[in-house]
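So in numbering that gives the first Met the number 0, spot 351 of the sequence shown is number 350, and the numbers just go up one at a time. C-beta: ideal position from N, C-alpha, C; glycine also. Since the model is a prediction, treat every value here as computed from it, not as a measurement. Scroll down for the structure; my scribbles are underneath it.
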Amino acid sequence: MKIRQLRSAGISAAVIAGLLLAGCVASDAQDGSGPAIGLTTAPGPIQVADVGSSHVRINDPSQLETPYGRYLAGRHAERVHDYRHAAEMFAAALADAPGNEGLRLRTFSVMLRAGMIDQALPVAQSLYAANPDQSSMVALVLAAKALKDQDYPAALSYLQTPARQGEQFSFPVLKAWAHLGAGDSEAALAALVQLREGDAFPDLAQGHSGLILKNSGDLQGAEAAIPIASKDLESVPAWLVRTLARVKLDAGDAAGATDLLDRYATGNRYSLEHVEADRANLAENGTLAPLMTLPNTGVADGLLRIASGVRPRTVDPSIRQPAHDIALSYAWLAVYLDDNHDEARLLIAGMLRDLERYQDSSLVLDEIEAGAPFSWRARIAIADNFIDAQNDEAAIALLETMSAERPDDIDALLKIGDILRSRSRFEEGTQVYNRVFERVKPEDPGRWRLHYFRGITYERSKHWPEAEADFLAALEVNPDNPYVLNYLGYSWIDQGINVERATEMVRQAVDQRQNDGYIVDSLGWAYYRVGKFSDAVVHLERAVQLRPSDPVINDHLGDAYWRVGRQREARFQWTRALSLDIDEDLIAPIEEKMRDGMGPPEVVGAAKEEG
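This is how it looks when you write it as structure tokens:
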């Protein structure tokens, strides 16, 4: 039996091979143990991009001896998001064509996305000298350099350039901290008014206003600028809570700072690395490390917040997304301005993973030192890169090590179970989930999810009584969860037991997830199993519209068409199912139906139609 709704909860494993370009072919997969090899003029194939786990190579190295060849190699590397090699190729081409302003601007842009800020600076200076108003990103980078050098008048001079695109949000942050560095806190606060008026980054405006007031000695004004005391703390960013805690502590309200951090930790399980460190410091010595005391660190934090805000939530690696480029550039600038900003490194690594640059992502994560607040999350992210690159065993080995380091923590062990479940290694998955249960407290509100996942592995490995018990236990804790309702309801219907209750459960799931093709399919299949074939067709047609590439749903619709006398359409759907990514055990039954048709229906329950 195939439970379709689980596909949406599986782990993504899309890995693309090398794209082809004139003179470029995909080479053998590398072992993933180190970075892609840099460009060279040595004889033999030259690797220019590392996409997923495969290299792309140029068979004729002499192609890179011409400006046009270098440019083409750079364009190809940029297309597959190998920004460092793209920058190297464009820079080499630019050396042969120094007057090409378009190539100069492209080189600068790619260098930013590669994190090559020091190399981008002279390119930015030449672009600015030629046309100060050509690019606000150029002015932004030069202003960032001036801030890092504590040359605040120069930074403000660069920021006179008209702001375009994302710079309409970043310029006010740089201006604010440059004014503060120059000793003008009033001008600094005025610069942030634009962020408040636009309402694009209200938390950023509040937090940085509070920090500027705090650094100016106005603690009462700083606390008033960060009005989060009355808010639901689950919706407040951790950095804003940490900022207010420091304001309270400096104002002599240590109890208020402690209470704020404790309340935040109680309602937020994740994003607690720095919060937990703050709580420990307060408890042990009554102090908190200063935040963003220098203009460059304040700007780094602001750029990170903007990058997080503009980063696209879904990314297609085959399509260039300008917002993704801006977010990646800003995050790299944050690291340039504050080398200790590991949160920015996490964001960069996540964006590189979005682009299927798993090895590049892990190299960034490796820069986070062991024992640093974000080091645990970085290692989890490295495991995710292994998973997406289809290197499950490396991921499991890393996660087992982490699990042993924290015997009371479930995150690493739970991820191992999820890997095994998503890869259809259900017996092994059950064993790992059993180990997780040994660490989970009975009162843990997230325990239902563990019951649900283990129930899936039990069901798929044909241990139905145990699976049913887990699903029922999950519903005791979370009775309205649509996925548990759907899975248990579908399973009962498919077995012909508890049909009336199961159908109602699936209806409840559909009411909550009307656009989930898998859940809509379950309701259609429920009607099919009880013999209401016309009703089944209605819901299964909608399920196919929602999930046109799912072979099981197409197969179900074919069965329903056959029962209502639409044999030609039934065979079309079965043919469609066979053309998709279908499990081998479903092929023979569908081929038999196409050859011989279907016999009398096996209807469960009392209600049925003639078919």
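Asked: Nearest candidate by alpha-carbon position, reference Thr400, set Tyr560, Ile415 and Pro316; Found: Ile415
Asked: Distance, Glu427 Cα to Val334 Cα; Found: 41 Å
Asked: Helix, strand or coil at Asp515 according to DSSP, with G and I counted as helix; Found: coil
Asked: N-terminal and C-terminal residue of the alpha helix (DSSP H) that Lys144 is part of; Found: Ser135 to Lys147
Asked: Check whether Gly301 and Val172 have beta carbons under 8 Å apart; Found: yes
Asked: 8 Å Cβ cutoff met for Leu419 and Phe436; Found: no
Asked: Rounded separation between Val50 and Thr313 - CA only; Found: Confidence at Val50 is low in this model, with a pLDDT of 43, below 50, so its placement is unreliable and no value can be given for it.
Asked: Host alpha helix (DSSP H) of Phe425 (start-end); Found: Phe425 to Phe436
Asked: Given 8 Å, three or more beta-carbon pairs between the region 231 to 240 and the region 325 to 332; Found: no
Asked: Straight-line Cα distance separating Pro406 from Leu126; Found: 55 Å
Asked: Gln483 vs Tyr451 beta-carbon contact at 8 Å; Found: Checking the sequence shown, residue 483 turns out to be Val, not Gln. Cβ atoms of Val483 and Tyr451: closer than 8 Å.
Asked: Pro42, DSSP secondary structure in three states; Found: Caution applies to Pro42, whose pLDDT of 33 falls short of 50 and renders its modelled position unreliable; the model cannot decide the point.
Asked: Under the three-state DSSP convention, the category Pro34 falls into; Found: Low confidence applies to Pro34: its pLDDT is 31, below 50, so where it sits in the model is not reliable, and the reading given next is rough at best. Coil, per DSSP.
Asked: Buried versus exposed, by CB contacts within 10 Å (16 or more), Trp463; Found: exposed
Asked: Sequence-distant residues of the same chain with beta carbon closer than 6 Å to Ser135, five excluded per side; Found: Thr160, Ala162, Arg163 and Glu166
Asked: Cβ-based burial, Val192 [other Cβ within 10 Å; buried from 16]; Found: exposed
Asked: Whole-Å CB distance - Leu364 paired with Ala380, under 8 Å assumed; Found: 5 Å
Asked: Rounded distance between the beta-carbons of Ala569 and Pro550, thought under 8 Å; Found: Wrong, their Cβ atoms sit about 15 Å apart, outside the cutoff.
Asked: 8 Å Cβ cutoff met for Ser374 and Glu368; Found: yes
Asked: Nearest-angstrom Cα separation, counted from Val537 out to Val109; Found: 51 Å
Asked: Local conformation of Asn99 per DSSP, three classes; Found: coil
Asked: Ala224 beta carbon less than 8 Å from that of Ser208; Found: yes
Asked: His323 versus Gln149: straight-line alpha-carbon distance, rounded; Found: 29 Å
Asked: Contact the region 588 to 605 vs the region 555 to 563: 3+ CB pairs below 8 Å; Found: yes
Asked: Euclidean distance between Cα positions of Asp391 and Trp176; Found: 45 Å
Asked: Residues of its chain near Asp534, where Cβ-Cβ distance is below 6 Å and the 5 sequence neighbours each way are ignored; Found: Tyr526
Asked: Distance CB(Leu336)-CB(Ala143) smaller than 8 Å; Found: yes
Asked: Pairwise C-alpha distance: Asp580 and Arg506; Found: 28 Å
Asked: Whether Gly297 touches Leu218 by CB criterion (8 Å); Found: no
Asked: Every unbroken beta strand (DSSP E) within the region 473 to 530, with a cutoff of 3 residues, ordered by chain; Found: none
Asked: Pick from Glu583, Gln566, Asp582 and Val122 that is closest to Asp595, judged by C-alpha positions; Found: Gln566
Asked: For Glu222 and Lys247, believed in contact at Cβ under 8 Å, the rounded distance; Found: 7 Å
Asked: Nearest candidate by alpha-carbon position, reference Arg304, set Gly206, Leu243 and Thr286; Found: Gly206
Asked: Selection from His84, Ala76, Ala91 and Ala86 that minimises the alpha carbon distance to Glu64; Found: Ala91
Asked: Close Cβ partners of Leu522 (< 6 Å) along its chain, the five nearest in sequence each way excluded; Found: Val505, Val509 and His538
Asked: Straight-line gap, Arg103 to Gln124 (C-alpha atoms, nearest Å); Found: 11 Å
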